[in-house]
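J.: Residue numbers (this note's numbering): 62 to 405. Ideal placement from N, C-alpha and C gives every residue a C-beta, glycine not left out.
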């Protein structure tokens with residue numbers, strides 16, 4: 062199934078509607094149109110940061126409208142943020158999202174982890190790893206080649222067949238102004254997938270996302286009402302639901318200290334996650350900050366040498382980015398450096 066029409070939604074931050082990134086919006090829209098794709102922004106997607114901060118119901122309505130609109134093949138998130146949980150009452154309280162759910166491609170990452178869990182709860186397979194503003198709107202002359210290859214595969218086939226590591230990783234861009242247009246990011250050789258421990262091959266369907274977002278669901282250190290709301294709508298999957306799955310974790314641009322990283326991991330361990338999932342996929346940290354520390358902490362916290370951990374995936378907040386399918390059985394092969402989707 063080739064994607065013919067994409068709807069862009071701002072489910073978290075409203076930054077896509079701000080004047081200071083108009084040049085990025087224009088660039089991204091042109092790139093999608095050059096791929097032969099019709100693009101629409103949902104009615105509230107460009108209303109800016111202040112409006113969407115004050116009106117989470119408007120963000121939620123755009124998602125409902127996107128699923129309702131039959132001409133849309135794909136829902137593409139503008140970017141992440143930090144308060145997507147506020148959409149819960151407007152999407153789940155009266156089965157609003159369930160009533161309009163339809164088979165569309167849904168793509169986003171970062172705090173969009175919250176939306177992925179909502180859709181997982183309702184039985185929809187989704188795709189994790191890229192978003193409109195950080196990927197399609199890349200300021201260089203083109204999208205990053207590795208990133209573009211996965212985005213185009215999803216658009217052309219409606220699925221991802223396999224994931225291999227990038228040969229390069231990029232130091233993150235600091236200047237997003239118009240002065241950055243056409244300028245490339247410095248790149249470094251990438252090490253490939255790193256097999257930290259356990260069997261080199263394992264299978265299961267992937268679920269997870271941004272570690273900080275998952276932690277906030279359980280602990281809610283940023284917002285006083287987050288834990289209560291997430292518990293009310295049973296957003297975090299039960300251990301029964303996690304059983305047999307492969308856990309995906311990747312870290313945000315906040316570059317959490319090793320101490321905070323360990324605290325977040327231990328929260329997941331205390332929940333019982335590492336007792337029921339079949340293995341762990343861990344994304345490359347942005348700019349490789351704390352990477353070796355993170356890897357050692359993963360091994361120490363899991364504290365089970367038979368539990369498979371594959372690290373340094375090009376997924377999440379470090380560039381370039383692949384796309385991982387949620388809800389599809391995959392086989393991970395660390396020796397062959399490939400994750401193969403088994404349901405294609």
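Using the Cβ count rule (16 or more neighbours within 10 Å means buried), how would you classify residue 335?
T.: For this step, residue 335 is matched to residue 274 along the chain shown. With 16 or more Cβ atoms within 10 Å of its Cβ, residue 335 is classed as buried.
J.: Have a look at 223, 142, 129, 154 and flag the residue whose alpha-carbon is nearest the alpha-carbon of residue 295.
T.: To locate residue 295, count along the chain shown from 1; it is residue 234. Selected option, being the one with the closest Cα: 154.
J.: Hey, is the stretch 217 to 235 in contact with the stretch 98 to 116, meaning 3+ C-beta pairs nearer than 8 Å?
T.: The stretch 217 to 235, when compared against the stretch 98 to 116, does not touch it at the 8 Å Cβ threshold.
J.: For residue 101, list the residues DSSP reports as bridge partners.
T.: Taking the first residue of the chain shown as 1, we reach residue 101 at position 40. The partner list for residue 101 (beta bridge, DSSP) reads 68.
J.: Where does residue 238 land, buried or exposed, given buried means 16+ other C-beta within 10 angstroms?
T.: Here residue 238 refers to the residue found at position 177 of the chain shown. Exposed, by the Cβ-count rule.
J.: Whose CA, out of 343, 279, 341, 320, lies closest to the CA of residue 331?
T.: What you label residue 331 is simply residue 270 of the chain shown in a count that begins at 1. Nearest option by C-alpha distance: 279.
J.: Residue range of the alpha helix (DSSP H) that residue 363 falls in?
T.: Position 302 of the chain shown, counted from the first residue, corresponds to residue 363. From DSSP, the alpha helix (DSSP H) with residue 363 extends over 352 to 363.
J.: DSSP three-state label for residue 291, please.
T.: The count along the chain shown starts at 1 and reaches residue 291 at position 230. Three-state result, residue 291: helix.
J.: Would you tell me roughly how many angstroms separate the C-alpha atoms of residue 186 and residue 96, rounded to the nearest one?
T.: Walking along the chain shown from the start, residue 186 turns up at place 125. Walking along the chain shown from the start, residue 96 turns up at place 35. Roughly 24 Å separates the two Cα atoms.
J.: Would you say residue 376 and residue 345 are within 9 Å of each other, going by their C-beta atoms?
T.: Position 315 of the chain shown, counting from 1, holds the residue named residue 376. Position 284 of the chain shown, counting from 1, holds the residue named residue 345. Contact flag set, yes.
J.: On the DSSP letters alone, give me the boundaries of the beta strand (DSSP E) that residue 150 sits inside.
T.: By one-based count along the chain shown, residue 150 stands at place 89. Unbroken run through residue 150 is the alpha helix (DSSP H), 149 to 153; no beta strand (DSSP E).
J.: Is residue 217 buried or exposed, if buried means 16 or more other CB atoms sit within 10 Å of its CB?
T.: Here residue 217 corresponds to residue number 156 of the chain shown, with the count starting at 1. Counting Cβ neighbours within 10 Å, residue 217 comes out exposed, since fewer than 16 surround it.
J.: Evaluate the contact criterion for the stretch 384 to 395 versus the stretch 188 to 195: three or more CB pairs, one atom per stretch, below 8 Å.
T.: Output reads yes: the stretch 188 to 195 touches the stretch 384 to 395.
J.: If we ignore side chains and look at the alpha-carbon of each, how far apart do residue 178 and residue 303 end up?
T.: As a working note, residue 178 is residue 117 in the chain shown. As a working note, residue 303 is residue 242 in the chain shown. Each residue's Cα considered, the two are about 12 Å apart.
J.: Counting only runs that start and end within the stretch 253 to 287, where is the alpha helix (DSSP H) found for 4 or more residues in a row?
T.: With a minimum length of 4 residues, the continuous alpha helix (DSSP H) runs that stay inside the stretch 253 to 287 are 272 to 280.
J.: Does any residue of chain B have a CB that is nearer than 9 Å to the CB of residue 350?
T.: The question asks about chain B, but that chain is absent: this structure has only one protein chain.
J.: Output the residue ranges of the alpha helix (DSSP H) runs that lie fully inside the stretch 318 to 402 and measure 4 residues or longer, sorted by chain position.
T.: Counting only runs of 4 or more, we get 319 to 332, 334 to 337, 352 to 363.
J.: Measuring CA to CA, which of 163, 142, 98 is closest to residue 127?
T.: Position 66 of the chain shown, counted from the first residue, corresponds to residue 127. Among 163, 142, 98, the Cα nearest to that of residue 127 is on 163.
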